[in-house]
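In short: position in the sequence shown from 1, add 474, done, that's the numbering used here. Worksheet: the structure to be examined is printed underneath.
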Amino acid sequence: MEYTSLDSYQHYSECAELVEGLGYYLVELKISPQRGVTQVQSVVASRDPSENISVNDCAKVHRILLARLEEILGTDNISMELSSPGMERNIKNAAEFKFFVGRKIRVFSKSASDWIGGELLSSDSEKLSLKVESENPEKDGQTKTVEYQDIAKAKFIHI
475 MEYTSLDSYQ
485 HYSECAELVE
495 GLGYYLVELK
505 ISPQRGVTQV
515 QSVVASRDPS
525 ENISVNDCAK
535 VHRILLARLE
545 EILGTDNISM
555 ELSSPGMERN
565 IKNAAEFKFF
575 VGRKIRVFSK
585 SASDWIGGEL
595 LSSDSEKLSL
605 KVESENPEKD
615 GQTKTVEYQD
625 IAKAKFIHI
């Protein structure tokens, strides 16, 4: 899995600051012009790992973020889709892990050829740390560090 700084995405920094001011994280922002309309796809997450994003939360962020993007892009011809990460989110960029500290995830380790699951304790630009949840009593509760280059896939654990 690759780590690409989210700040390298077009207009991410300006939009993330606004979304964080509302009490959420901007996990993903994609802006692409298509047939005269600017398409925007965004994903927001709660700052509290024990809380989920509601439709009302999405609507609140959508109104404010759309107005900001119209100002930044200089057009009101924008089609914007905003959603929560959802229960089955595949984590696409290792930079997203920082938003999910305290949540349960699983990663497929290339070296172990198996899934490693547990609570995400921390992440940086090279690796993450998990409190492992395993049926094996020797491994359950241990802290495991996994480098991003060893991760083939990552997703939320369904609770």
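Each residue gets a CB set at the ideal place from its N, CA and C atoms; glycine is no exception.
Sequence-distant residues of its chain with Cβ nearer than 8 Å to residue i (five each side left out)
i	result
glutamate 476	Asn567, Ala568 and Tyr622
threonine 617	Leu595, Ser603, Leu604, Lys605 and Val606
valine 511	Asn551, Ile552 and Ser553
Whole-angstrom distance between residue j and residue i, CA atom to CA atom
i	j	result
arginine 521	asparagine 530	16 Å
histidine 485	leucine 492	11 Å
glutamate 544	alanine 519	22 Å
serine 608	serine 583	15 Å
glycine 615	isoleucine 505	41 Å
glutamate 600	glutamate 570	12 Å
glycine 548	serine 528	29 Å
Closest by C-alpha distance to residue i, when choosing among the options
i	options	result
serine 558	Glu593, Ser585 and Leu503	Leu503
arginine 537	Ser524, Ile527, Gly548 and Glu555	Glu555
leucine 500	Gly576, Glu488, Lys601 and Ser608	Glu488
serine 479	Gly560, Lys584, Lys572 and Phe582	Lys572
leucine 589	Phe574, Ile565 and Ala626	The amino acid occupying residue 589 in the given sequence is tryptophan; leucine does not appear at that position. Ranking the options by Cα distance to tryptophan 589, first place goes to Ala626.
glycine 495	Val535, Ser516 and Asn526	Val535
Proximal residues to residue i (C-beta, below 7 Å), its chain only, five neighbours per side dropped
i	result
isoleucine 631	Lys578, Ile579, Arg580 and Gly591
aspartate 481	Ser487
Three-state secondary structure assigned by DSSP to residue i
i	result
lysine 578	strand
glutamine 513	strand
tyrosine 498	strand
glutamine 508	strand
lysine 534	helix
Same chain, Cβ closer than 6 Å to residue i, five either side skipped, listed in chain order
i	result
glycine 576	Pro523
glutamine 637	No statement about residue 637 is possible, as the shown extent of the chain runs from 475 to 633 and does not include it.
Opposing strand residues paired with residue i [DSSP bridges]
i	result
aspartate 588	Ser583
asparagine 564	Lys629
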